[in-house]
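**Student:**
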Amino acid sequence: MEQRSKRAAWWDGWNTPANLVTFSRIILVIVFLGLYIGAGQWGSRNMGMRWAAAAIFALAASTDKIDGWMARKYNQVTELGKLLDPIADKLLTLGTLIVAASLNEFGIAWLGWVVTALFFVREIGITVMRFFVIDHGGSVIAASQLGKYKTFTQCLGLGLLLIPVWSFVPAGAHPAWLTVYFVVTYTLIYFSLILCLYSGWEYVRGVLKASKSAGAHAKGAASAAAQPRSDAAEINDADAATSASTQHRFDDAAASSGR
Numbered sequence: 001m002e003q004r005s006k007r008a009a010w011w012d013g014w015n016t017p018a019n020l021v022t023f024s025r026i027i028l029v030i031v032f033l034g035l036y037i038g039a040g041q042w043g044s045r046n047m048g049m050r051w052a053a054a055a056i057f058a059l060a061a062s063t064d065k066i067d068g069w070m071a072r073k074y075n076q077v078t079e080l081g082k083l084l085d086p087i088a089d090k091l092l093t094l095g096t097l098i099v100a101a102s103l104n105e106f107g108i109a110w111l112g113w114v115v116t117a118l119f120f121v122r123e124i125g126i127t128v129m130r131f132f133v134i135d136h137g138g139s140v141i142a143a144s145q146l147g148k149y150k151t152f153t154q155c156l157g158l159g160l161l162l163i164p165v166w167s168f169v170p171a172g173a174h175p176a177w178l179t180v181y182f183v184v185t186y187t188l189i190y191f192s193l194i195l196c197l198y199s200g201w202e203y204v205r206g207v208l209k210a211s212k213s214a215g216a217h218a219k220g221a222a223s224a225a226a227q228p229r230s231d232a233a234e235i236n237d238a239d240a241a242t243s244a245s246t247q248h249r250f251d252d253a254a255a256s257s258g259r
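The opening residue of the sequence shown carries number 1 in UniProt numbering; numbering runs sequentially from there.
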């Protein structure tokens with residue numbers, strides 16, 4: 001019964017303003033991905049849709065800070081919020097990476113898919129682990145500070161990739177500033193991948209440490225519960241030995257006195 005109540009507790013507070021903002025962010029992600037795909041590679045099919053996709057991406061990414069701020073300010077931090085917040089982030093970033101790779105916007109086709117696959121394995125793996133922790137009655141471990149840096153760097157790099165600054169460049173021109181722009185953009189994305197993998201390892205290590213600590217605590221509690229019975233047995237044995245010794249001395253004294 002206790003474990004079932006723990007499993008149900010994560011849904012408590014689903015309709016708080018902070019969680020509703022998170023739900024709205026998920027809807028924005030769906031709209032964004034539709035526009036991104038519809039715009040085509042580098043906005044070749046519809047540049048207006050590309051600009052709209054970039055704007056909605058920025059809006060969806062910014063609401064990540066809004067719902068977190070609301071939850072803390074109004075004391076509305078919930079297990080569901082701690083779970084949905086990283087899921088919404090993953091939908092936004094992984095969705096963007098998959099579309100960018102499919103449109104070959106990384107320059108080298110295989111590189112885009114390798115980067116996307118590494119992000120995907122880490123993010124989905126951590127999400128599955130979060131559900132596993134909840135299913136076994138544990139609490140959701142909130143995103144670490146390093147994980148938040150990863151998300152910020154990742155969103156910044158992908159946001160720069162989405163902005164069609166090249167639309168201002170005349171056909172056939174290759175200005176140096178555009179080269180620098182893309183170097184900075186891809187550097188941010190690759191750096192966020194490093195942070196992504198490392199923060200993922202930190203999360204796994206934290207879960208394993210918490211699991212080990214919980215196991216040691218349970219073992220200690222069981223040992224403590226058994227300890228009073230052992231002490232009582234030792235006391236009874238000591239009392240019996242003392243009584244026997246006293247009786248023996250009394251008998252010796254009686255014999256020596258002739259009684």
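We put the CB at the ideal spot given by N, CA and C, even for glycine. From a predicted model like this one, the values you see are computed outputs, not experimental measurements.
Sorted by chain position, which residues of the same chain lie with C-beta nearer than 8 Å to residue 12's C-beta, five sequence neighbours on each side aside?
**Tutor:** On the sequence shown, residue 12 is found 12 positions in, with the first residue counted as 1. Here the set comprises 78, 79, 80.
**Student:** Could you pull out every residue in the same chain whose Cβ sits closer than 7 Å to the Cβ of residue 18, ignoring the five residues on either side in sequence?
**Tutor:** Reading the sequence shown from its first residue, position 18 is the one you call residue 18. Excluding residues within five positions, the ones whose Cβ falls inside 7 Å are 67, 70, 71, 76, 81.
**Student:** Buried or exposed: where does residue 209 fall if 16 or more other Cβ atoms within 10 Å of its Cβ makes it buried?
**Tutor:** Working through the sequence shown from its first residue, we reach residue 209 at position 209. Exposed, since its Cβ has fewer than 16 Cβ neighbours within 10 Å.
**Student:** May I ask which residues mark the beginning and end of the alpha helix (DSSP H) holding residue 38?
**Tutor:** As a first step, residue 38 is located in the sequence shown; it is residue number 38 there, counting from the start. Taken as a continuous stretch (DSSP letters only), the alpha helix (DSSP H) holding residue 38 covers 17-39.
**Student:** Buried or exposed for residue 158, going by 16 or more other Cβ atoms inside 10 Å?
**Tutor:** Looking up residue 158 in the sequence shown gives position 158. Counting Cβ neighbours within 10 Å, residue 158 comes out buried, since at least 16 surround it.
**Student:** Do you know whose CA, among 55, 185, 123, 43, lies nearest residue 106's CA?
**Tutor:** Within the sequence shown, residue 106 is the residue found at index 106, counting from 1. Residue 106 has its Cα closest to that of 185, out of 55, 185, 123, 43.
**Student:** Leaving out five residues on either side along the sequence, give the residues of the same chain with a beta carbon under 8 Å from the beta carbon of residue 45.
**Tutor:** Within the sequence shown, residue 45 is the residue found at index 45, counting from 1. So the list reads 38, 39, once near-sequence residues are dropped.
**Student:** Nearest-angstrom Cα distance between residue 16 and residue 109?
**Tutor:** Along the sequence shown, read from residue 1 onward, the residue named residue 16 stands at position 16. Along the sequence shown, read from residue 1 onward, the residue named residue 109 stands at position 109. If you take the alpha carbons of residue 16 and residue 109, they lie about 43 Å apart.
**Student:** Name the residue from 89, 201, 164 whose alpha carbon lies nearest to the alpha carbon of residue 47.
**Tutor:** Along the sequence shown, read from residue 1 onward, the residue named residue 47 stands at position 47. Considering only alpha carbons, the answer is 164.
**Student:** In this structure, does DSSP put residue 11 in helix, strand or coil?
**Tutor:** Taking the sequence shown and counting its residues from 1, one reaches residue 11 at position 11. It is coil, neither helix nor strand.
**Student:** For residue 151 versus residue 89, is the C-beta spacing smaller than 8 Å?
**Tutor:** Here the question's residue 151 lines up with position 151 in the sequence shown. Here the question's residue 89 lines up with position 89 in the sequence shown. Taking 8 Å as the Cβ cut-off, residue 151 and residue 89 qualify as a contacting pair.
**Student:** Put residue 74 into one of helix, strand or coil per three-state DSSP.
**Tutor:** Position 74 of the sequence shown holds residue 74. If DSSP states are grouped into helix, strand and coil, residue 74 belongs with coil.
**Student:** For residue 123 versus residue 103, is the C-beta distance shorter than 8 Å?
**Tutor:** What you label residue 123 is simply residue 123 of the sequence shown in a count that begins at 1. What you label residue 103 is simply residue 103 of the sequence shown in a count that begins at 1. Result no, Cβ atoms of residue 123 and residue 103 do not sit closer than 8 Å.
**Student:** By the three-class DSSP mapping on this structure, what secondary structure does residue 208 have?
**Tutor:** Residue mapping note: residue 208 aligns to position 208 of the sequence shown, counting from 1. Looking at residue 208 - three-state DSSP - the assignment turns out to be helix.
**Student:** Can you tell me whether residue 41 is buried or exposed? The criterion is at least 16 other CB atoms within 10 Å of its CB, across all chains shown.
**Tutor:** Looking up residue 41 in the sequence shown gives position 41. Per the 10 Å Cβ criterion, exposed.
**Student:** Between the alpha carbons of residue 197 and residue 34, how many angstroms are there, rounded?
**Tutor:** Residue numbering aside, residue 197 sits at position 197 when the sequence shown is read from its first letter. Residue numbering aside, residue 34 sits at position 34 when the sequence shown is read from its first letter. Roughly 28 Å between the two C-alpha positions.
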